[in-house]
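Undergrad: One structure is given below, represented as structure tokens, and several questions about it will come after.
2 protein chains.
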Amino acid sequence: MARWEPDSRDRLRQAALDLYGERGFENTTVAEIAKRAGLTERTFFRHFADKREVLFAGSEALEELLVRTVADAPAAVAPLDAVTAGLEALGEVLPERAETSRRRQAIISANADLQERELIKLASLSEALAGALRDRGLGDAPANLVAEIGIAVFKTAFERWIGEGEERDFAQVVRESMSELKALAVSFTSS
Amino acid sequence: MARWEPDSRDRLRQAALDLYGERGFENTTVAEIAKRAGLTERTFFRHFADKREVLFAGSEALEELLVRTVADAPAAVAPLDAVTAGLEALGEVLPERAETSRRRQAIISANADLQERELIKLASLSEALAGALRDRGLGDAPANLVAEIGIAVFKTAFERWIGEGEERDFAQVVRESMSELKALAVSFTSS
Numbered sequence: 001m002a003r004w005e006p007d008s009r010d011r012l013r014q015a016a017l018d019l020y021g022e023r024g025f026e027n028t029t030v031a032e033i034a035k036r037a038g039l040t041e042r043t044f045f046r047h048f049a050d051k052r053e054v055l056f057a058g059s060e061a062l063e064e065l066l067v068r069t070v071a072d073a074p075a076a077v078a079p080l081d082a083v084t085a086g087l088e089a090l091g092e093v094l095p096e097r098a099e100t101s102r103r104r105q106a107i108i109s110a111n112a113d114l115q116e117r118e119l120i121k122l123a124s125l126s127e128a129l130a131g132a133l134r135d136r137g138l139g140d141a142p143a144n145l146v147a148e149i150g151i152a153v154f155k156t157a158f159e160r161w162i163g164e165g166e167e168r169d170f171a172q173v174v175r176e177s178m179s180e181l182k183a184l185a186v187s188f189t190s191s
Numbered sequence: 192m193a194r195w196e197p198d199s200r201d202r203l204r205q206a207a208l209d210l211y212g213e214r215g216f217e218n219t220t221v222a223e224i225a226k227r228a229g230l231t232e233r234t235f236f237r238h239f240a241d242k243r244e245v246l247f248a249g250s251e252a253l254e255e256l257l258v259r260t261v262a263d264a265p266a267a268v269a270p271l272d273a274v275t276a277g278l279e280a281l282g283e284v285l286p287e288r289a290e291t292s293r294r295r296q297a298i299i300s301a302n303a304d305l306q307e308r309e310l311i312k313l314a315s316l317s318e319a320l321a322g323a324l325r326d327r328g329l330g331d332a333p334a335n336l337v338a339e340i341g342i343a344v345f346k347t348a349f350e351r352w353i354g355e356g357e358e359r360d361f362a363q364v365v366r367e368s369m370s371e372l373k374a375l376a377v378s379f380t381s382s
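From first to last, the protein sequence lines are chains A and B.
The first sequence begins at 1 in the working numbering and counts up one residue at a time.
The second sequence begins at 192 in the working numbering and counts up one residue at a time.
See below:
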């Protein structure tokens, strides 16, 4: 890949976020995104399958990193600690500025199809995480439970991280949410 | 509503589950469902908006019961205990036999549109639960976290409840999953 390629990709993503924010996802064309980025449609399609994929292109890298970090945690590490390590690592592949994620999230929240797509991506993330936990020797039901809890913490931490006035990095926010989970679980009566 | 109506509704639902299982959701028409149930299409549309809604018609009752049970828990009850009570109550509105839910789930798993619909219903359930928790005085972020954990436990308990060979009622399976959550949370290092 030529040296300028990563820059094109980022310019296309920024142009798309700008346009989706200005005129709505539905009312934006690939031609307009390419033009705003000062590139051709052909270059757009070298990077993204369609205008929706601009918003979801990072999710494979995210899933891969989460699964790998959970798999790499030493065998003695408790399942939720392995998941915490995996979620903390995601700070590396999320956009550097929470502002970018906040804009992306606002666009998704305004469109039912994009919301569905987001839910499907999260369900896939949960399945991949459950697989990584089974590989660590967890049974089916506990692996599913821990994976779903991991996704619950991810969603909560993510919302908090993109919140106005939040200055901490993603890993710190994950640790806070995990601490809250522990405090909540300890305070309730195991039924 | 006439006295025979609830019976029509149940016959339509059974006929739909049978046909979706036999020939697939996509290949079944409302006319065929009505015929199998020995009823007219007009009666079908008195009960369900379309053939998809046969599968999701119970979800409003489920959401309503969950929210009400959480709201009704005494103020001193810990958030996760209130959610546990809410999830246990859902056994009352789930089909009496896990077999019916198992067949429904198999139909949903075989169709991408139905899966999306299911994910959207669960996201709505999570939002409603978070609202009930905020009404109990929880802040936004903890309310979201507890709600997402509640849905995680619900999904895990539901999968377990519809599993082959599972004989316990839904409330018992919920309590088991909540106990597992607590054990998992206690064993990990609060980060």
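Heads up, the beta-carbon is just placed ideally off N, CA and C, and yes, glycines get one too.
Keep in mind it's a predicted model, so treat the numbers as computed, not measured.
1. Taking buried to mean at least 16 other C-beta atoms within 10 Å of its own C-beta, is A:Ser109 buried or exposed?
2. Hey, could you find the ends of the alpha helix (DSSP H) B:Gly341 is sitting in?
3. Roughly how far, in whole angstroms, is the beta-carbon of A:Ile107 from the beta-carbon of A:Leu114, given that I think they are within contact range, below 8 Å?
4. Could you tell me which of B:Asp198, B:Ser370, B:Val365, B:Glu357 sits nearest to B:Arg293, measuring between CA atoms?
5. Any residues in the segment 319–333 of chain B with a beta carbon nearer than 9 Å to a beta carbon of chain A? Which ones, in chain order?
6. Starting from B:Glu251, find everything on chain A with Cβ-Cβ shorter than 7 Å and list it in chain order.
7. Going by other Cβ atoms of all chains shown within 10 Å of its Cβ, with 16 needed for buried, is A:Gly137 buried or exposed?
8. Hey, is A:Arg3's beta-carbon within less than 7 Å of any beta-carbon in chain B?
9. Which residues in the same chain have their Cβ closer than 7 Å to the Cβ of B:Arg181, if we skip the five residues on either side of it in sequence?
10. Scan the segment 270–285 of chain B for residues whose Cβ lies nearer than 7 Å to a Cβ of chain A and list them as they occur along the chain.
11. Taking the alpha-carbon positions, what's the A:Leu122 to A:Ile151 distance?
12. Indicate the three-state DSSP secondary structure (helix, strand or coil) for B:Asp241 in the structure shown.
13. Give me the Cα-Cα distance between A:Glu127 and A:Arg13, rounded to the nearest whole angstrom.
14. With a 10 Å radius around its C-beta and 16 neighbouring C-beta atoms as the bar for buried, classify A:Met1 as buried or exposed.
15. Would you call B:Arg202 buried or exposed, if buried means 16 or more other Cβ atoms sit within 10 Å of its Cβ?
16. According to DSSP, simplified to helix, strand and coil, what is B:Ala384?
17. Determine whether the Cβ of B:Phe379 lies closer than 7 Å to any Cβ atom of chain A.
18. Please list, in chain order, all residues of the same chain as B:Leu324 whose beta carbon is under 8 Å from its beta carbon, the five residues on each side excluded.
19. Can you list the residues of chain B that A:Asn144 reaches, using a CB-CB cut of under 8 Å?
20. Give the straight-line distance between the Cα atoms of B:Arg308 and B:Ala321, rounded to the nearest whole angstrom.
21. Taking 8 Å as the threshold, find out whether the segment 274–283 of chain B comes into contact with the segment 243–260 of chain B through three or more Cβ pairs.
22. Taking CB distances under 7 Å as the criterion, tell me whether B:Leu316 reaches chain A.
23. Any beta-carbon of chain B closer than 7 Å to the one on A:Lys182?
24. A:Val54 to A:Arg9, Cα distance in whole Å?
25. Counting contacts by CB-CB distance shorter than 7 Å, is B:Leu305 in contact with chain A?
26. Quick one: give me the first and last residue of the alpha helix (DSSP H) that B:Phe379 is part of.
27. What in chain B is Cβ-close to A:Ser177, meaning under 9 Å?
28. Taking all protein chains shown into account, do 16 or more other C-beta atoms lie within 10 angstroms of the C-beta of A:Ser177, making it buried, or fewer, making it exposed?
29. What is the C-beta distance between B:Glu232 and B:Val221, in whole angstroms, given that I count them as a contact (C-beta under 8 Å)?
30. Among the candidates A:Asp169, A:Phe25, A:Asn27, A:Val186, whose CA atom is the shortest distance from the CA of A:Glu99?
31. Give the interface partners of B:Glu339 over in chain A, defined as CB-CB distance under 7 Å, in chain order.
32. Would you identify the three-state DSSP class for A:Pro95, choosing helix, strand or coil?
33. Would B:Arg351 pass as a contact of B:Val364 if the rule is Cβ separation under 7 Å?
34. Just how far apart, CA to CA, sit B:Arg243 and B:Phe235?
35. Whole angstroms is fine: what's the gap from A:Ile162's alpha carbon to A:Leu62's?
36. Could you tell me the alpha carbon to alpha carbon distance between A:Phe25 and A:Asn111, rounded to whole angstroms?
TA: The short version:
1. exposed
2. Taken as a continuous stretch (DSSP letters only), the alpha helix (DSSP H) holding B:Gly341 covers 331–352.
3. Contact between A:Ile107 and A:Leu114 holds: their C-beta atoms lie close to 7 Å from each other, under 8 Å.
4. B:Glu357
5. Asp331, Ala332, Pro333
6. Going along chain A, no residue has its Cβ under 7 Å from B:Glu251, so there is no contact; the nearest lies around 19 Å.
7. exposed
8. Residue confidence is low: A:Arg3 scores 49 on pLDDT, short of 50, so the model does not pin down where it sits. Its coordinate-derived value is still stated next. Taking Cβ atoms only, chain B never reaches closer than 7 Å to A:Arg3, which makes this a no.
9. A question about residue 181 of chain B goes unanswered here, because the residues of chain B that appear run from 192 up to 382.
10. For the segment 270–285 of chain B, which is checked against every Cβ of chain A, the residues closer than 7 Å are Pro270, Leu271, Asp272, Thr275.
11. The C-alpha of A:Leu122 lies about 7 Å from the C-alpha of A:Ile151.
12. coil
13. 28 Å
14. Reliability fails at A:Met1, whose pLDDT of 45 lies under 50, so the model's placement of it is uncertain and no value is given.
15. buried
16. Nothing can be reported for residue 384 of chain B: it is not among the residues displayed for chain B, which extend from 192 to 382.
17. yes
18. A distance below 8 Å between beta-carbons, with the five flanking residues on each side excluded, links B:Leu324 to the following residues of its chain, in chain order: Val261, Pro270, Ala273, Val274, Pro333, Ala334, Val337, Ala338.
19. Lys346, Thr347, Glu350
20. For the pair B:Arg308 and B:Ala321, the Cα-to-Cα distance works out to about 20 Å.
21. yes
22. Closer than 7 Å: no.
23. yes
24. If you take the alpha carbons of A:Val54 and A:Arg9, they lie about 9 Å apart.
25. no
26. Taken as a continuous stretch (DSSP letters only), B:Phe379 belongs to no alpha helix (DSSP H), as it is neither H nor E.
27. Contact note: A:Ser177 reaches chain B through Ala332, Leu336, using a C-beta cutoff of 9 Å and chain order.
28. buried
29. 6 Å
30. Measuring C-alpha to C-alpha distances from A:Glu99 to each of A:Asp169, A:Phe25, A:Asn27, A:Val186 identifies A:Asp169 as the nearest.
31. Listed along chain A are Ala152, Lys155, Thr156, each with a C-beta nearer than 7 Å to that of B:Glu339.
32. coil
33. yes
34. 12 Å
35. 17 Å
36. If I take the Cα positions, the gap works out to 8 Å.
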